[in-house]
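Trainee: Numbering (UniProt numbering), first residue to last: 1 to 88. All C-beta atoms, glycine included, are put in the ideal place defined by N, C-alpha and C.
1) From which residue to which residue does the beta strand (DSSP E) around residue 34 run?
2) Considering only DSSP beta bridges, list what residue 25 is partnered with.
3) From the DSSP output, in three-state form, read off residue 70 for me.
4) From the DSSP secondary-structure annotation, give me the bridge partner or partners of residue 60.
5) Less than 8 Å between the CB atoms is what I'm expecting for residue 25 and residue 75, so what's the real figure, rounded?
6) How about residue 13 and residue 61: are their beta carbons less than 8 Å apart?
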């Protein structure tokens, strides 16, 4: 199990399109992905991610557990750092 933090840096925050991209990325891996602040939610569930209401600047904890956890964390961090590929 590995844990890290990510900061939502895109203008619109973790809105539907960004959440869908995050779910798509997380779902490529076998590892479980949990994301949140005080309460962690399933990172492979778009509804759970939307419930976080994470706006720009929100710092989220991400916990990844499984045989490909390092690759999964790296892919998710790259997606967030690239502003969910929204080119703002």
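Mentor: This is what the structure gives:
1) 32-36
2) DSSP lists no bridge partner for residue 25.
3) Reduced to three states, the DSSP call for residue 70 is helix.
4) 6
5) 5 Å
6) Going by C-beta atoms, residue 13 is not nearer than 8 Å to residue 61.
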